[in-house]
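Participant:
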Amino acid sequence: MSTSRLVAALVLSVLATVGCGTTGGDEPVARTVDSAAAAVAPTATPVRRAVEPTKARGRGCRARREVEVCFSSPGTHGGTHPTVINRLRRLFKDAGAGDSLRIAMFRWDIRGAAEDLVEAQARGAEVRLVVDDDVLLNPVGAGLVQRIEAGDPAPGNTVVCDGACLPWTAPGPAPVAQDINHLKLVLADIDGERSVVTTSSNLVGLQYRQYNSLLRIVDKRYYRFAGRWFRALAAQRWDGARTRLRRPAAVLYPRRGDLLIDTLRKVRCRRGLRQVDVNLAVIQRADVRSRLVQLHERGCDVRVVVDRPPVEKWLEQPVRGGRLPASRVRQVSTHDKGVAIHAVVGGRPRYVVVTGTSNATCGGLHYNDEIMLRLTGRWIHQHYARHFADAFGHGRHSAPRLPVPDYAPCR
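For the sequence shown, the residue numbers in mature numbering (1 follows the signal peptide of the UniProt record, and there is no 0) are -16 to -1, 1 to 395.
Following this line, the structure appears as structure tokens:
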């Protein structure tokens, strides 16, 4: 982090409120920063350990081959479910001398998770952070950045971007509450096992009460791809880093094309192959809504859950060619970004999952740092499909006379 930015954070900390405020959703909030800077022990001599097979770590997680998935489903767990956040914290707790954690996180107000990361650094793990100003809005996040920077004498272990780290792909100004580093990303090298974690969950307390998912992939090629991307985020320029990977199918944003709409446009339905389940906290893109309507009108079993009642009502409005019935759209407290498809995709019957960090918004497409992935196979599909069914089953219909927003088309 630059000296000027760190000084600014420390000055703000004097004015900060004491304690840990909770932020939620993806909207701007009042800026409060608290200083918690403290030096930690120097990095110990690295010790490499043997690589073990991928395995699930915690209740609510499942692993197979190189893939682990975790789900938080508060609807069936008394209104709060810490599985996804606990899995992130377990990564931090597992890291020690010779390990590394590279993290890009949109928001952070969970004090325990911050302490876990500081303690990992104290044990000798190399810790690097890339965030934007949203992390500094909270005393816990601001203090974490300062402590991680103080704990490593090497320069550049923390970077705070002014909005999105990488260049936009559409003209300004950015939509309201966009131009952000919206990532929830961890590159972990622990005990010689190198994995990339993407999740829909920020490290904020509100997320305990929202549906969320986490995907961890142990794959050398994907880890190298994500490593080059992380360096680009820290440098705040692409510097030749690739923006697409074929296997696993991964796409980085901001960009012009989109993995989600590309996948939906390849879907065809027939008897026994009709499932299109969409769990996205926010959908504001007309092209996504129109395609979901087309799929419904052509015989697909389209179901949608979103977080916000206005988005629910907007999705139910008629468009050219039809509309999504209200019975197929529900509102629930979700922060998820996951689509489960069992249909003909690209000309073949497939089980497909699309997941990552991005909502279906113009900001997520053109103005934010994001990642989306597409995976195929019955095993991963069944887990995302069950998670969706839980969310849909706990969803509800909002008040019928709720005003319907008019979202501007993407530029």
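Don't be surprised by glycine CBs; every beta carbon is placed ideally from N, CA and C.
#1: With a cut-off of 7 Å, does the C-beta of Ala47 fall near any C-beta of chain B?
#2: From what residue to what residue does the beta strand (DSSP E) around Asp353 run?
#3: Give the DSSP-derived three-state secondary structure of Ile364 in the structure shown.
#4: Buried or exposed for Val160, going by 16 or more other Cβ atoms inside 10 Å?
#5: Quick one: which unbroken alpha helix (DSSP H) runs of 4-plus residues sit fully inside the segment 51 to 114? Chain order, please.
#6: Suppose contacts are defined by Cβ-Cβ distances below 7 Å. Is Val68 in contact with Asn196 by that definition?
#7: Do you know offhand how far Ala79's Cα is from Ala109's?
#8: List, from N- to C-terminal side, the beta strand (DSSP E) runs of 3 residues or more that fit wholly inside the segment 191 to 235.
#9: Name the two residues that bound the continuous alpha helix (DSSP H) containing Lys297.
#10: Under DSSP, the alpha helix (DSSP H) around Ile245 begins and ends at which residues?
#11: Taking 7 Å as the cut-off, decide whether the C-beta atoms of Val289 and Phe376 are in contact.
#12: When you compare each of Thr182, Gly176 and Lys77 to Phe214 by their alpha carbons, which one comes out closest?
#13: So, do the segment 268 to 275 and the segment 242 to 253 have three or more beta carbon pairs nearer to each other than 8 Å?
#14: For Ala383, which of helix, strand or coil comes out of DSSP?
#15: Hey, which unbroken runs of the beta strand (DSSP E) at 3 residues or more fall wholly within the segment 294 to 345?
#16: Quick one, which of Asp117, Asp118, Leu121 and Leu75 has its alpha-carbon nearest Val102's?
#17: I'd like the list of long-range same chain contacts for Ile164, defined as Cβ closer than 7 Å, with 5 residues on each side in sequence excluded.
#18: Quick one: does the C-beta of Val129 sit closer than 6 Å to a heavy atom of the ligand MN?
#19: Identify every residue that forms a DSSP beta bridge with Tyr237.
#20: Quick check on Ile132: does DSSP put it in helix, strand or coil?
#21: Three or more C-beta pairs closer than 8 Å, one from the segment 323 to 335 and one from the segment 127 to 141: is that the case here?
#22: Name the DSSP beta bridge partners of Val119, please?
#23: What do you reckon, are the CB atoms on Ser179 and Val202 nearer than 7 Å?
#24: Does the segment 289 to 303 come within contact of the segment 383 to 390, defined as at least 3 CB pairs closer than 8 Å?
#25: Check the C-beta distance from Trp92 over to Leu199 and give it rounded, since I have them as a contact under 8 Å.
#26: Any idea what DSSP makes of Asp285, helix, strand or coil?
#27: Taking the beta strand (DSSP E) that Ala265 belongs to, which residues open and close that run?
#28: Indicate whether Pro232 and Tyr206 have their beta-carbon atoms separated by less than 7 Å.
#29: If Val316 and Gly96 are in contact, beta carbons under 8 Å, what's the gap, nearest whole angstrom?
#30: Run through DSSP, which three-state label would Ser184 get?
Facilitator: So, to answer that:
#1: Any reference to chain B falls outside this structure, which holds one protein chain only.
#2: Position 369 of the sequence shown, counted from the start, is the residue given in the question as residue 353. That residue, Asp353, is in no beta strand (DSSP E); it is neither H nor E in DSSP.
#3: The residue you call residue 364 lines up with position 380 of the sequence shown. Reduced to three states, the DSSP call for Ile364 is helix.
#4: Indexing the sequence shown from 1 puts residue 160 at position 176. Val160 is exposed by the Cβ-count criterion.
#5: 67 to 78 and 95 to 106
#6: Along the sequence shown, read from residue 1 onward, the residue named residue 68 stands at position 84. Along the sequence shown, read from residue 1 onward, the residue named residue 196 stands at position 212. It is a contact, given that the beta carbons lie within the stated cut-off.
#7: Residue 79 sits at position 95 when you count from the first residue of the sequence shown. Residue 109 sits at position 125 when you count from the first residue of the sequence shown. Their backbone Cα atoms lie some 6 Å apart in a straight line.
#8: 196 to 202
#9: For the purposes of this step, residue 297 is taken as residue 313 along the sequence shown, with counting starting at 1. From DSSP, the alpha helix (DSSP H) with Lys297 extends over Pro293 to Leu299.
#10: Taking the first residue of the sequence shown as position 1, residue 245 is located at position 261. Its alpha helix (DSSP H) spans residues Leu243 to Arg249.
#11: Mapped onto the sequence shown, residue 289 falls at position 305. Mapped onto the sequence shown, residue 376 falls at position 392. For Val289 and Phe376, yes; Cβs fall inside 7 Å.
#12: For the purposes of this step, residue 214 is identified with residue 230 of the sequence shown, where counting begins at 1. Nearest of Thr182, Gly176 and Lys77 to Phe214, Cα basis: Thr182.
#13: yes
#14: For the purposes of this step, residue 383 is taken as the residue at position 399 of the sequence shown. Coil at Ala383, not helix or strand.
#15: 313 to 315, 321 to 329 and 332 to 340
#16: Taking the first residue of the sequence shown as position 1, residue 102 is located at position 118. Ranking Asp117, Asp118, Leu121 and Leu75 by Cα distance to Val102 puts Leu75 first.
#17: For this step, residue 164 is matched to residue 180 along the sequence shown. Excluding sequence neighbours, Ile164 sits near Phe90, Asp116, Asp118, Gly147, Ala148 and Asn352.
#18: The ligand MN is not part of the structure shown, which contains no ligands of any sort.
#19: Within the sequence shown, the letter at position 253 stands for residue 237. According to DSSP, which records beta bridges pairwise, Tyr237 is partnered with Glu354.
#20: The residue given as residue 132 occupies position 148 in the sequence shown. Three-state result, Ile132: helix.
#21: no
#22: Here residue 119 refers to the residue found at position 135 of the sequence shown. Partner(s): none; Val119 has no beta bridge.
#23: Here residue 179 corresponds to residue number 195 of the sequence shown, with the count starting at 1. Here residue 202 corresponds to residue number 218 of the sequence shown, with the count starting at 1. In contact: Ser179 and Val202 (Cβ atoms closer than 7 Å).
#24: yes
#25: For this step, residue 92 is matched to residue 108 along the sequence shown. For this step, residue 199 is matched to residue 215 along the sequence shown. Not really, about 20 Å apart at Cβ, beyond 8 Å.
#26: Reading the sequence shown from its first residue, position 301 is the one you call residue 285. Strand, per DSSP.
#27: The residue labelled residue 265 in the question sits at position 281 within the sequence shown. Ala265 -> no beta strand (DSSP E), and no H or E assigned at all.
#28: For the purposes of this step, residue 232 is taken as residue 248 along the sequence shown, with counting starting at 1. For the purposes of this step, residue 206 is taken as residue 222 along the sequence shown, with counting starting at 1. A contact, by the Cβ cut-off of 7 Å.
#29: Position 332 of the sequence shown, counted from the first residue, corresponds to residue 316. Position 112 of the sequence shown, counted from the first residue, corresponds to residue 96. Not confirmed; about 26 Å, so no contact.
#30: On the sequence shown, residue 184 is found 200 positions in, with the first residue counted as 1. DSSP places Ser184 in coil when its eight states are reduced to three.
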